[in-house]
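Q: One structure is given below, represented as structure tokens, and several questions about it will come after.
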Amino acid sequence: MDTHNLIRSVPIFSELEESTIKQIVDIGLIRKYTKNSIVFLEEEAGAILFIISTGKVKIVRTDDEGREVILSILGPGDFFGEMALLDGMPRSATVVVLAASELFVINRREFIKLIEGSPQVATSLLGELTRRLRKADTQIENLSLKDAVGRVASVIIQIADDSGKIKKGQVYIDDFPLQQDLANMAGTSRETISRTIRQFMRLGYVDQQGNTFIINEYEKFKNIFS
Ligand code: CMP
Numbered sequence: 453m454d455t456h457n458l459i460r461s462v463p464i465f466s467e468l469e470e471s472t473i474k475q476i477v478d479i480g481l482i483r484k485y486t487k488n489s490i491v492f493l494e495e496e497a498g499a500i501l502f503i504i505s506t507g508k509v510k511i512v513r514t515d516d517e518g519r520e521v522i523l524s525i526l527g528p529g530d531f532f533g534e535m536a537l538l539d540g541m542p543r544s545a546t547v548v549v550l551a552a553s554e555l556f557v558i559n560r561r562e563f564i565k566l567i568e569g570s571p572q573v574a575t576s577l578l579g580e581l582t583r584r585l586r587k588a589d590t591q592i593e594n595l596s597l598k599d600a601v602g603r604v605a606s607v608i609i610q611i612a613d614d615s616g617k618i619k620k621g622q623v624y625i626d627d628f629p630l631q632q633d634l635a636n637m638a639g640t641s642r643e644t645i646s647r648t649i650r651q652f653m654r655l656g657y658v659d660q661q662g663n664t665f666i667i668n669e670y671e672k673f674k675n676i677f678s
């Protein structure tokens, strides 16, 4: 995708006038990252906003023992790195590349100029940050109130809502995350993920075809586990 179409496809920029889109294209540049590379580490100082053109990244926090919790997985059209730019604090999390990525980057000065010059950008940005806060609230509820099976189901629902394709009541999720990544999202072990998914398969709730994960009756699955 060329840079112009990329910027147009980013939800927070999609309603902008052509002249503003051109302005954004001119102030940024594309950087390429290979799989497993680290875009930046938690606690680093940050001066750049990243927009995903292609690929996929995970946003993670790690503890002193190296245990990891995944806060979110982001793909094309999503942005990250805005928090350090907006409050001047260090990066709130580490970002790791899950699939080779092309990231469009904008420096802090240009990003702030863009927000100050366009109420539309500011409103859309607040809308997206609000959606992330709602999702984080749901994650807190899931992690603190649900048992392991409920947490695994909630993570599957979250991924389906984020990147699944619905067809005749079934949801198809391509490039389903690795079991260890699912465990780090659900706050459980890889073994529990494996056991729970096998249990869901036996019950006919889900299927797996290669890298594609299928939820058979999505509304029913959601009703049971939401
Ligand atoms: P920043 O703090 O600059 O660097 C880490 C980035 O991860 C942060 O900006 C956000 O863009 C992103 N991030 C942090 N927490 C979450 C979350 N809960 N959901 C989605 N993205 C997040």
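Reminder that position 39 of the sequence shown reads as 491 in my numbering, one-by-one numbering, no gaps.
By construction, the Cβ of each residue, glycine as well, lies at the ideal position given by its N, Cα and C atoms.
With DSSP as the reference, label N559 as helix, strand or coil.
A: In the structure shown, N559 sits in a strand (DSSP, three-state: E or B).
Q: Would you say the beta carbon of A545 comes nearer than 7 Å to a heavy atom of the ligand CMP?
A: Yes, Cβ of A545 sits closer than 7 Å to a heavy atom of the ligand CMP.
Q: According to DSSP, simplified to helix, strand and coil, what is R513?
A: Reduced to three states, the DSSP call for R513 is strand.
Q: Going by alpha carbons, who is nearest to M453 out of N488, P528 and K508?
A: Out of N488, P528 and K508, P528 has the C-alpha closest to the C-alpha of M453.
Q: Considering just the uninterrupted stretch of the beta strand (DSSP E) at R650, what are its terminal residues?
A: R650 -> not in any beta strand (DSSP E); alpha helix (DSSP H) instead, spanning R642 to R654.
Q: Report yes if the C-beta distance between I733 and I611 is below 8 Å; otherwise report no.
A: The requested residue 733 does not occur in the structure, where the chain is confined to residues 453 to 678.
Q: G498 and R543 look like a contact to me (Cβ under 8 Å); what is the Cβ gap, rounded to whole Å?
A: Rounded, the Cβ-Cβ distance is 5 Å, consistent with contact.
Q: Is there contact here, the segment 482-492 with the segment 565-585, by at least three beta-carbon pairs under 8 Å?
A: Result no; under three Cβ-Cβ pairs closer than 8 Å.
Q: Helix, strand or coil: which one does DSSP assign to E580?
A: E580: helix per DSSP, three-state reduction.
Q: If you draw a straight line from the C-alpha of S505 to the C-alpha of R460, how long is it?
A: Taking the straight line from one Cα to the other gives about 11 Å.
Q: Which whole-angstrom value describes the C-beta separation of G540 and F502, a residue pair presumed to lie in contact below a C-beta threshold of 8 Å?
A: G540 to F502, Cβ: 18 Å. No contact.
Q: What three-state label does DSSP hand K598 in the structure shown?
A: Reduced to three states, the DSSP call for K598 is coil.
Q: Assign S553 to one of three DSSP states: helix, strand, or coil.
A: DSSP places S553 in strand when its eight states are reduced to three.
Q: When the Cα of N636 is compared with those of E470, D516, S524 and I500, which residue comes out closest?
A: Ranking the options by Cα distance to N636, first place goes to S524.
Q: Can the beta-carbon of F628 be found closer than 8 Å to that of F652?
A: It is not a contact, given that the beta carbons lie outside the stated cut-off.
Q: Name the one or two DSSP bridge partners that D659 has.
A: Beta-bridge pairing links D659 to I666.
Q: Any heavy atom of the ligand CMP closer than 7 Å to the Cβ of R586?
A: Answer for R586: no, Cβ out of range of the ligand CMP.
Q: Report yes or no: do three or more beta-carbon pairs, one from the segment 562-574 and one from the segment 457-475, lie closer than 8 Å?
A: Result yes; three or more Cβ-Cβ pairs closer than 8 Å.
Q: With a threshold of 7 Å (Cβ to nearest heavy atom), would F677 be considered close to the ligand MG?
A: Absent from the structure shown: the ligand MG. Ligands present: the ligand CMP.
Q: If the criterion is Cβ atoms closer than 8 Å, does the pair V549 and G616 meet it?
A: No; because the gap between Cβ atoms is not below 8 Å, this pair is not in contact.
Q: Output needed for I490: all residues of its chain with C-beta closer than 6 Å, excluding positions within five of it in sequence on either side, in chain order.
A: The answer, listed in chain order, is V548.
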